[in-house]
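Asker:
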Amino acid sequence: MKPYAVVFIRDHNNILYSSKRKTSVDSKGGSNPTWNFNVKFTINLAIAQENHLDLVVKLKSRQKSHGIRDKDIGEVRMLISELLKCFGDDDDDAAKDEKHMSKSIVTSNGEAQGALAFSYKFGILGLWITLLPIRM
1 MKPYAVVFIR
11 DHNNILYSSK
21 RKTSVDSKGG
31 SNPTWNFNVK
41 FTINLAIAQE
51 NHLDLVVKLK
61 SRQKSHGIRD
71 KDIGEVRMLI
81 SELLKCFGDD
91 DDDAAKDEKH
101 MSKSIVTSNG
111 EAQGALAFSY
121 KFGILGLWIT
131 LLPIRM
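Be aware that the sequence shown starts at 1, since it is given in UniProt numbering, and climbs by one per residue.
#1: How about residue 6 and residue 22: are their beta carbons less than 9 Å apart?
#2: Give the single residue among 73, 54, 64 and 15 whose Cα lies nearest to the Cα of residue 109.
#3: Give the straight-line distance between the Cα atoms of residue 86 and residue 104, rounded to the nearest whole angstrom.
#4: Grab me the residues of residue 99's own chain with a C-beta within less than 7 Å of its C-beta, minus the 5 sequence neighbours each way, in chain order.
#5: Helix, strand or coil for residue 113 per DSSP?
#6: Using the C-alpha atoms, what's the distance from residue 102 back to residue 94?
#7: In whole angstroms, what is the alpha-carbon distance linking residue 136 and residue 75?
#8: In whole angstroms, what separates the C-alpha of residue 42 from that of residue 32?
#9: Is the CB-CB distance between residue 8 and residue 24 below 9 Å?
#10: Can you tell me whether residue 73 is helix, strand or coil according to DSSP?
#11: Which residues mark the beginning and the end of the alpha helix (DSSP H) in which residue 81 is found?
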């Protein structure tokens, strides 16, 4: 398995809200890949707080042959409003801290398979996300 992740934001109509960012392939981690990948998105907080934006991490496996589509492993999808709830007021020190989360990976047939760990924080200019080791 040569896994990689594609990270992006979609709105509530499933329309792409951000550009897609792709990690490198982890060819050594097998079913327990590690990326240490940082990505930053600029978001509209008002739209995010109204449950209209999802953070999506699609996990894929690179195929060896050209012309063959990469295999979908699964995805993690969460409302950005849920991520925002972990932060206090702007005056609160907790609002500035990086948060850690682990979410179940859902396969294309709707089954949970492993978990994706990541850290994130919000700043004046947007949302920062770091993908941590995955457990499958």
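Just so it is clear, CB atoms sit at the ideal spot from N, CA and C, and this is done for glycine as well.
Answerer: A quick look at the data gives this:
#1: yes
#2: 73
#3: 18 Å
#4: 86, 119, 120 and 121
#5: strand
#6: Note on residue 94: pLDDT 49, under 50, position unreliable in the model; no value is reported.
#7: With a pLDDT of 45 at residue 136, under the threshold of 50, the predicted position of this residue should be treated as unreliable, though the coordinate-derived value follows. Looking at the two C-alpha atoms, the distance is approximately 12 Å.
#8: 29 Å
#9: no
#10: strand
#11: 80–84
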